[in-house]
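Colleague:
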Amino acid sequence: MLLLPLLVAIPIAIVGFHDDAWEKAQMARSKRQSAAWGLIGMVLFWPVVQEASAAVIEEVVVTAQKRSESTQDVPIAIAAYGERRLEDAGFDQISDLTLTTPSMQVSNFGPIAYVTMRGIGSENTTAGGDPGVAMHLDGVYMGRPIASMFTAFDAERVEILRGPQGTLYGRNATGGSINLVTRKPGSEFEGEMDVTYGDYDWMRFRGAVNLPISDRVSARLVAFKEERDGYTDNAHPDGNDANDLDNYGFRGHLNFDVSDRASLLLSASYVKVDGAGSKSELREDFPGSTTGQHLAGPPGFLGAYGGPASGIPAGWDYFLNGALAVNDLDHLEESKNLRESSDDEFLLLSATFEMDFDGFTIKSISGYNETEFASLQDADQSPVDLAGSSFSEQAEQFSQELQILSNGTGPLQWIGGLYYFKQDATRRSFFFRGRFDAIARTFGVPSAFDVGGDVESESIAGFGQLTYSLTDRLNLTVGARHTKDEKKGTNTGYTFTNGYTGPLGDDWNESTYRLAADWFASDDVLLYASYATGYKSGGVNQVTNPLVDNPIYDPEFVDAFEVGLKSTLLNGSLQLNLSAYHNKYEDLQFQVFGAVGPQALNAEGAKVQGIEAELLAALSDTLTIDASVGLTDSEFDEQFISGVQLEGNQVQRTPDVTYSLGIANEWELGNAGALRVRLEYAYTDEIYYTAFNRNARFAEAGGSDLADDYSNLNLRMFWYSADDRWTVELSATNLTDEEQEGNVFRGIGFLDVAGGGGPEQVTYNPPRQIALRMGFRF
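All residue numbers for the sequence shown refer to the numbering used here, where the first residue is 102 and numbers rise by one.
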């Protein structure tokens, strides 16, 4: 009887809490979106009035609070994906979970992932920058965004924690934390392998084997190899197709049961990624340009202006129409003379030791990580030798975490620990001009830029959290963490006219807190409220002149309030989770572009608030549905950056509305096995990719950093043999072949006379892709 009042009261409270966002959303949404909202509303509440089915939703056990708990018992907004949901998502990398996770956006550019959660992330991929969403692989924090390239094959689960997680996850988790947990060695000999073939000659092999070596020693080995032609055609005879794949990787776990109370797990992961990299194309000028001038003009302008020496044929038509090229190219076509490349490597070594005592457990996690990447890009995006760029980075990190946590059954549960992190990163960017150098010099633009940076980061922290059960249904949680960060390095910038080399650095000491209360209104309904603070380290910019540029930027802070409901209803056949949050940011870090590359700056403040809903329902023994929705209201406070007033602007990479709806049904075929079909639809609202919120589609109006809204329709069909050893999967992603802008960013200022940054570039999500996978378990 308590369920109905709760289901009515919580949404009303959320709407009242978030009335400005609702008003804004209602004014902005189209009829199409309104209809979709109505559909999701029916999906959310229709199953509540149905009779309970015999089916039960898969329970996912997570370690969000450093101890094993059911997702539904943790007072944190979590999207938890077990093995079945990962299979449904075709999970291969973190971006595959974007469609079904509220308030999360992931944009990939080559091996680099830009992850944003509840409006907070980081675009700063330089040696002195940090992510805004903490990523962990088997408990080890990944300090560089290239770490997103680690293979997700053989994953046991993925935990996506939304909102600041500074107390337990510490470093740079102002937006949230993503924890990828892989399968560990077991006591039986078993394994699996699969082969995939798909569009663009995509071929992939994956295999895993579990090896019991003795009663106390076991191992698990994983390997994969994949190749794919580029789905972006390059019409230039000297160029190569983009968005191809040539990757391979390995992972190994070796587990020792040292005693009945102690275990040691040694792990190693290696991934190698080659290819041409991601395809991007030019649009109009990007915001921040001081003049907005272009070197593109009327038909034949560049050829006539440059003459034979420029290498631009007279009479050729060059214009910024989505690509600086001879003809109006499609979004999956290009014409580049430079053969682009991307060469990336990832290595992780870790050791996890755990020992139980009477009343407490000690756990140690040691990690060593190396990442390298190097890329060569056609900076002008054209068939003419105008300009090119190369980037490289090498980073090494070591981390050590020591935890001590209670393991008793009393009313007080506690955890304490120490954390140490050290990273050395070197990044080099070189921008050069080809035959266009003579024209560039006429406009006062240097012939080349060479920018480098060596940054050493060191962090030490102590943390603790207490949870006390006032009654068997009411719990109070208090947590705190104190962090000391230090960054120092030497940045070097050269052009043909100036140079700068100098030491840079700073240190910061900050404390973060968490207060939470959770109440089990019944055995199956959890209500919670929390207040948390978050902190992201300041950093070091790559600069060419410390008197002009901003060499050091400040830390980012957040005060976060959240209320939520988690429910498991109808005898376990329905899960409905709701959350509402209000985050207030101070010194929010965001990125602008200068003459030779990106710089991080601090905005005075911003607020992000929203509503999230997630539903899983087993309508029968064979029919299941899932749905998610995120409604977000974000805006900057009053402030001027680069002469632009940001007040009221939407926080970058934060769509107002996202939602998804999936339905799956399974048919038993007797001795012929079983057939399962899943259809999934997801919608993402339009996104501003910078804080400037420019949406003009013409250079004269300042350019655009706005990406259009888009939807995804995916279909997957699975056949399972009767003995559950064989699996055949037919998948079709982006079934409608919709053009989707996946990332908007800014190039170097080779087309901007004042050197205030180059034109905007856009990348696209993959087109429709159909693939067939065959798997075997033994």
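Glycine residues also receive a C-beta, built at the ideal position from the N, C-alpha and C atoms.
Arginine 185 by DSSP, collapsed to three states: which one?
Modeller: The answer is helix: DSSP assigns arginine 185 an H, G or I state.
Colleague: Give the secondary structure of glycine 267 by DSSP, where H, G and I count as helix, E and B as strand, and everything else as coil.
Modeller: DSSP places glycine 267 in helix when its eight states are reduced to three.
Colleague: Could you tell me the alpha carbon to alpha carbon distance between leucine 814 and alanine 783, rounded to whole angstroms?
Modeller: Approximately 7 Å between the Cα atoms of the pair.
Colleague: Between Thr275, Ile561 and Gln504, which lies nearest to methionine 236 when the distance is taken from Cα to Cα?
Modeller: Looking at the Cα atoms, Thr275 is the closest of the given residues.
Colleague: Once DSSP output is grouped into helix, strand and coil, what is the label at threonine 164?
Modeller: In the structure shown, threonine 164 sits in coil (DSSP, three-state: anything other than H, G, I, E or B).
Colleague: Hey, aspartate 486 and glycine 535: beta-carbon distance below 7 Å or not?
Modeller: For aspartate 486 and glycine 535, yes; Cβs fall inside 7 Å.
Colleague: Return the Cβ separation of leucine 627 and proline 286 in integer angstroms, given the expectation that the two are a contact with Cβ distance under 8 Å.
Modeller: Their Cβ separation, rounded to whole angstroms, is 34 Å, which puts leucine 627 and proline 286 out of contact at 8 Å.
Colleague: Buried or exposed: arginine 826, going by 16 or more other Cβ atoms within 10 Å of its Cβ?
Modeller: With fewer than 16 Cβ atoms within 10 Å of its Cβ, arginine 826 is classed as exposed.
Colleague: Under DSSP, the beta strand (DSSP E) around threonine 217 begins and ends at which residues?
Modeller: Start and end: 213 to 218.
Colleague: Between Gly731, Leu732, Val730 and Leu747, which lies nearest to aspartate 738 when the distance is taken from Cα to Cα?
Modeller: Closest option to aspartate 738, Cα to Cα, is Leu747.
Colleague: Around the Cβ of asparagine 866, are there at least 16 other Cβ atoms within 10 angstroms (buried) or fewer (exposed)?
Modeller: Label assigned to asparagine 866: buried.
Colleague: Could you tell me whether the stretch 553 to 563 touches the stretch 513 to 527, where touching means 3 or more Cβ pairs closer than 8 Å?
Modeller: Contact between the stretch 553 to 563 and the stretch 513 to 527 is present, because at least three Cβ pairs lie under 8 Å.
Colleague: With DSSP run on the structure shown, which of helix, strand or coil describes glycine 640?
Modeller: Strand, per DSSP.
Colleague: Among the residues of its own chain, which have a CB less than 7 Å from the CB of alanine 156, if the five just before and after it don't count?
Modeller: Excluding positions up to five away in sequence, the list reads Ser674, Ala719, Ser721 and Asp722.
Colleague: Please list the terminal residues of the continuous beta strand (DSSP E) segment that includes valine 310.
Modeller: Looking at the DSSP string, the run of the beta strand (DSSP E) that includes valine 310 is 303 to 313.
Colleague: Within the chosen definition, does the stretch 678 to 695 reach the stretch 703 to 717 through at least 3 CB pairs nearer than 8 Å?
Modeller: Counting Cβ pairs under 8 Å, three or more are found: they touch.
Colleague: Based on the DSSP output, what are the partners of proline 604 in its beta bridges?
Modeller: Paired residues: Thr591.
Colleague: By Cβ distance below 8 Å, which residues in the same chain neighbour arginine 869 in space, the five residues on each side in sequence not counted?
Modeller: Counting only Cβ-Cβ distances below 8 Å, and skipping sequence neighbours, we find Asp300, Ala833, Thr834, Asn835, Leu836, Thr837 and Asp838.
Colleague: Give a yes or no on whether 7 Å exceeds the smallest Cβ distance from alanine 622 to chain D.
Modeller: The structure shown contains no chain D, having only a single protein chain.
Colleague: Taking 8 Å as the threshold, find out whether the stretch 254 to 267 comes into contact with the stretch 183 to 202 through three or more Cβ pairs.
Modeller: Output reads yes: the stretch 183 to 202 touches the stretch 254 to 267.
Colleague: Measure the alpha-carbon distance for glycine 222 versus alanine 701 and round it to whole angstroms.
Modeller: If you take the alpha carbons of glycine 222 and alanine 701, they lie about 12 Å apart.
Colleague: Under the assumption that alanine 180 contacts glycine 264 (Cβ atoms under 8 Å), give the Cβ distance between them as a whole number of angstroms.
Modeller: Not a contact, Cβ separation roughly 12 Å.
Colleague: Could you name the residues of the same chain whose beta carbon sits closer than 6 Å to that of threonine 202, not counting the 5 residues immediately before and after it, in chain order?
Modeller: So the qualifying residues of the chain are Ala180 and Ile261.
Colleague: Can you say whether leucine 873 is buried or exposed, counting buried as having 16 or more other CB atoms within 10 angstroms of its CB?
Modeller: By the 10 Å Cβ count, leucine 873 comes out exposed.
Colleague: Could you give the residue range of the beta strand (DSSP E) that holds glycine 378?
Modeller: No beta strand (DSSP E) holds glycine 378; DSSP gives it neither H nor E.
Colleague: Taking only three categories from DSSP, how would you classify alanine 190?
Modeller: Residue state, collapsed to three classes: coil.
Colleague: Taking the beta strand (DSSP E) that alanine 496 falls in, what are its first and last residues?
Modeller: That run of the beta strand (DSSP E) goes 488 to 507.
Colleague: Skipping 5 residues on each side, what residues in its chain have a beta carbon closer than 6 Å to that of glutamate 327?
Modeller: Cβ within range, chain order: Arg305, Leu346 and Asn348.
Colleague: How long is the line joining the alpha carbons of glutamate 160 and glutamine 173, rounded to whole angstroms?
Modeller: So the alpha carbons of these two residues sit roughly 9 Å apart.
Colleague: Is the Cβ-Cβ distance between threonine 669 and aspartate 625 less than 7 Å?
Modeller: In contact: threonine 669 and aspartate 625 (Cβ atoms closer than 7 Å).
Colleague: Once you ignore the five residues that flank threonine 796 on each side, which residues in its own chain have a CB closer than 6 Å to its CB?
Modeller: The question names threonine, but residue 796 is asparagine in the sequence shown. These residues qualify, in order along the chain: Ser805 and Leu807.
Colleague: Do you know how far the Cα of valine 296 is from the Cα of leucine 477?
Modeller: Computed Cα separation, rounded: 31 Å.
Colleague: With the cut-off set at 7 Å, would you say glutamate 781 and alanine 775 are in Cβ contact?
Modeller: Not in contact: glutamate 781 and alanine 775 (Cβ atoms no closer than 7 Å).
Colleague: Using CA atoms only, rank isn't needed, just tell me which of Asp607, Asn335 and Pro484 is closest to aspartate 586.
Modeller: Ranking Asp607, Asn335 and Pro484 by Cα distance to aspartate 586 puts Asp607 first.
Colleague: Using a Cβ-Cβ cut-off of 6 Å (strictly less than) and excluding sequence neighbours within five positions of serine 451, which residues of its own chain qualify?
Modeller: Val241, Ser368 and Gly468.
Colleague: So, at 7 Å on beta carbons, what are the nonlocal neighbours of serine 171 in its own chain, with the 5 sequence-adjacent residues on each side left out?
Modeller: If we look at serine 171 and ignore the five residues flanking it on each side, its Cβ neighbours are Glu160 and Val162.
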